[in-house]
Amino acid sequence: MPCPYGGWRSGFFINVEFAVYLRKCIMPKLVSQVSGSPIGSIDFQANDRPSNFIPYQIDLKTGKVSARSNSLISLINPPIDSNRDSWLEVAVKIKFDSKIEKVKFIIEYDKTPSGWTVNLGDSQSNNGYGGDASTQSRDAEMQIVNQNMTVFGNDYNTPAGGELTQGKVLNFARKNSRVELEVSNEKLAWDNKNGLKNTLKSPYLYALKNQSDATGALNSEIYAGFNRVISGPGNRIGSGASKVTILLNPIDYAINASSATITEGISGKTGVTFTVTRSGCTELASTIDYTIAGTATNASDYNNIGGTSGATGATGTINFAAGETSKTITLDILGDVAIEPNETINVRLSNPSGLDATPTTIAAVAAITVINDDSAGISIDPAGFIAPAAVKKGNFTVQQKSELNDDFFGDWSNPNLVEGKGAIAVFIC
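Numbered according to the working numbering, the sequence shown spans residues 53 to 481.
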């Protein structure tokens with residue numbers, strides 16, 4: 053149907069008893085809706101940490117140990133090449149205290165691993181075979197033998213064989229790869245940066261909070277062997293791990309939105325907040341970049357970017373001072389009467405500063421969906437009207453249901469009306 057104001061237009065229609073057809077002299081838009089995204093996180097490690105929190109790195113090709121004096125990390129034995137295969141073996145002890153929540157091991161491989169290249173346990177007598185040969189109710193051990201990773205629970209009350217099912221990962225390590233292992237109380241996380249990533253939490257795992265033990269001593273330490281088991285027969289060694297970095301309390305960054313959805317409104321402004329937090333080693337200053345994107349447009353759909361982060365534009369850098377753990381990015385959603393799709397506002401974090409030699413960056417995004425609450429609907433009064441056959445004309449009222457700057461008219465004159473049926477054309481242009 054051509055628009056009375058000229059030209060053909062696409063539109064839509066609603067039906068009432070008299071088949072009232074509504075046409076809009078604008079091109080309709082497809083509406084898409086994107087739900088709010090869950091909180092994500094960024095994980096990285098900072099240089100120049102005070103005292104015990106700097107990265108502790110051991111080169112398993114040269115034997116060089118890059119670290120300051122450290123009361124929480126100590127060598128059980130210096131790096132040595134007992135089998136003269138050009139890959140050194142070393143064992144390390146990490147002492148957990150009230151300030152330590154987790155420890156991350158980053159292991160780099162320069163050849164296809166063979167034999168025992170990683171052995172993490174909570175006892176100095178862990179020997180690479182699922183425990184320390186005692187009957188402690190809290191004992192754990194994980195190992196990478198050849199290319200496969202296996203996690204064992206305690207010796208006292210474990211599944212058959214001692215292996216935790218979720219902790220059996222084949223083809224985990226390979227040549228020219230880097231794997232990450234993170235140990236915290238009763239928890240082990242792993243990531244080979246090639247799709248094999250998971251977290252295992254179990255009371256069978258590392259007890260690092262001085263929990264009671266049925267038969268043995270309390271544990272608050274982690275022992276780690278690289279290219280060898282922590283202890284045991286001298287033939288339980290391996291080759292392929294070329295460097296290991298040990299990080300205490302690595303920093304975690306996270307971002308979340310004050311709400312997953314927000315209604316736009318027809319006027320005024322509605323404030324929203326994105327909160328960026330960091331945890332772990334926060335004793336030093338650090339920075340991280342942010343980007344505001346999505347289908348919503350700065351200035352026309354939202355404005356007034358601000359907050360404690362110091363943000364003023366769609367991109368920028370957030371500066372955390374020593375000891376700070378939280379910053380905000382705020383903005384105002386602008387209400388209007390435009391008929392438009394639901395829109396999204398995403399804030400992405402990237403490029404954290406102060407990275408160590410082997411940084412790990414996992415993108416973090418928080419999203420808000422702005423719900424459009426405008427419509428082009430009208431109401432007809434009377435909505436239903438039964439006219440006698442002789443009636444050819446009548447009056448009706450058309451009322452706009454949203455605040456649109458549109459003209460409209462209706463025509464109830466129709467020489468082709470028959471009893472009980474007819475058509476009324478209502479145009480909005």
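We put the CB at the ideal spot given by N, CA and C, even for glycine.
Consult DSSP for Ala276 and reduce its assignment to one of helix, strand or coil. Within the sequence shown, the letter at position 224 stands for residue 276. If DSSP states are grouped into helix, strand and coil, Ala276 belongs with the strands.
Let me make sure I understand the geometry here. Which of Ile289, Thr349, Ala312 has the alpha-carbon closest to that of Thr169? Residue mapping note: residue 169 aligns to position 117 of the sequence shown, counting from 1. Looking at the Cα atoms, Ile289 is the closest of the given residues.
So what's Glu193 in DSSP terms, helix, strand or just coil? Within the sequence shown, numbered from 1, the residue matching residue 193 stands at position 141. It is a strand residue.
First through last residue of the beta strand (DSSP E) which encompasses Trp168: The residue given as residue 168 occupies position 116 in the sequence shown. That run of the beta strand (DSSP E) goes 154 to 173.
Taking just the CA atoms, how far does Cys333 sit from Asn355? For the purposes of this step, residue 355 is identified with residue 303 of the sequence shown, where counting begins at 1. For the purposes of this step, residue 333 is identified with residue 281 of the sequence shown, where counting begins at 1. Going from the Cα of Asn355 to the Cα of Cys333 covers about 34 Å.
Which same chain residues, not among the five before or five after Ser319, have their C-beta less than 6 Å away from its C-beta? Within the sequence shown, numbered from 1, the residue matching residue 319 stands at position 267. Result list for Ser319: Gly387, in chain order.
Suppose the cutoff is 7 Å on Cβ atoms and the five residues either side in sequence are ignored; what does the same chain contact list for Ser166 look like? Residue mapping note: residue 166 aligns to position 114 of the sequence shown, counting from 1. Excluding residues within five positions, the ones whose Cβ falls inside 7 Å are Asn198, Gly290, Ser291, Gly292.
Beta-carbon within less than 6 Å of Ala143's beta-carbon, same chain only, minus the 5 sequence neighbours each way: which residues are those? Within the sequence shown, numbered from 1, the residue matching residue 143 stands at position 91. So the list reads Ile128, Asn129, Gly277, Ile282, once near-sequence residues are dropped.
Could you compute how far the alpha carbon of Lys321 sits from the alpha carbon of Asn403? Within the sequence shown, numbered from 1, the residue matching residue 321 stands at position 269. Within the sequence shown, numbered from 1, the residue matching residue 403 stands at position 351. In a straight line, the C-alpha of Lys321 is about 32 Å away from that of Asn403.
Once you ignore the five residues that flank Asn223 on each side, which residues in its own chain have a CB closer than 6 Å to its CB? Here residue 223 corresponds to residue number 171 of the sequence shown, with the count starting at 1. Only Gln199 meet the Cβ criterion.
Can you find the residues in the same chain that come closer than 6 Å, C-beta to C-beta, to Gly219, ignoring five residues on each side of it along the sequence? To locate residue 219, count along the sequence shown from 1; it is residue 167. Within the same chain, Gly219 has close Cβ partners Val203, Leu252.
Do you know how far the Cα of Phe157 is from the Cα of Ser272? Against the sequence shown, residue 272 aligns to sequence position 220. Against the sequence shown, residue 157 aligns to sequence position 105. Going by the C-alpha atoms only, they are around 17 Å apart.
Span of the beta strand (DSSP E) around Asp109: In the sequence shown, counting from the first residue as 1, residue 109 sits at position 57. A small fix is needed here, since residue 109 is Gln in this sequence, not Asp. Note, Gln109: beta strand (DSSP E), 108 to 111.
CB-CB under 7 Å to Ser89, same chain, minus the five flanking residues each way: which ones, in chain order? Sequence index remark: in the sequence shown, residue 89 carries index 37 (1-based). Any reading at Ser89 must be qualified, since the residue scores a pLDDT of 28, below 50, and its modelled position is unreliable; the value itself is stated next. Around Ser89: Val417, Ala418, Ala419.
Residue span of the beta strand (DSSP E) that contains Asn371, given as start and end: Start at 1 with the first residue of the sequence shown, and residue 371 comes out as number 319. Counting along the chain, the beta strand (DSSP E) containing Asn371 begins and ends at 367 to 372.
Cβ-Cβ separation, Ala259 to Ile238 (assumed contact under 8 Å), whole Å: In the sequence shown, counting from the first residue as 1, residue 238 sits at position 186. In the sequence shown, counting from the first residue as 1, residue 259 sits at position 207. Before going on, a small fix: residue 238 reads as Glu here, not Ile. Right, the Cβ-Cβ distance comes to about 6 Å (below 8 Å), so this counts as a contact.
Over the uninterrupted beta strand (DSSP E) stretch that includes Phe224, give me the two end residues. Working through the sequence shown from its first residue, we reach residue 224 at position 172. Taken as a continuous stretch (DSSP letters only), Phe224 belongs to no beta strand (DSSP E), as it is neither H nor E.
Endpoints, the beta strand (DSSP E) within which Arg136 is located: Taking the first residue of the sequence shown as 1, we reach residue 136 at position 84. Taken as a continuous stretch (DSSP letters only), Arg136 belongs to no beta strand (DSSP E), as it is neither H nor E.
Where does Gln176 sit, in a helix, a strand or coil, going by DSSP? Looking up residue 176 in the sequence shown gives position 124. In the structure shown, Gln176 sits in coil (DSSP, three-state: anything other than H, G, I, E or B).
For Asp243, which residues does DSSP report across the bridge? Residue numbering aside, residue 243 sits at position 191 when the sequence shown is read from its first letter. Its beta-bridge partners are Glu232, Lys249.
Taking all protein chains shown into account, decide if Gln97 is buried (16 or more other Cβ within 10 angstroms of its Cβ) or exposed. Against the sequence shown, residue 97 aligns to sequence position 45. Reliability fails at Gln97, whose pLDDT of 33 lies under 50, so the model's placement of it is uncertain and no value is given.
What does DSSP give as the partner residue(s) for Ile420 in the beta ladder? Against the sequence shown, residue 420 aligns to sequence position 368. According to DSSP, Ile420 bridges with Ile397.
If you draw a straight line from the C-alpha of Ile307 to the C-alpha of Ser126, how long is it? The residue labelled residue 307 in the question sits at position 255 within the sequence shown. The residue labelled residue 126 in the question sits at position 74 within the sequence shown. When rounded, the distance between both Cα atoms is 35 Å.
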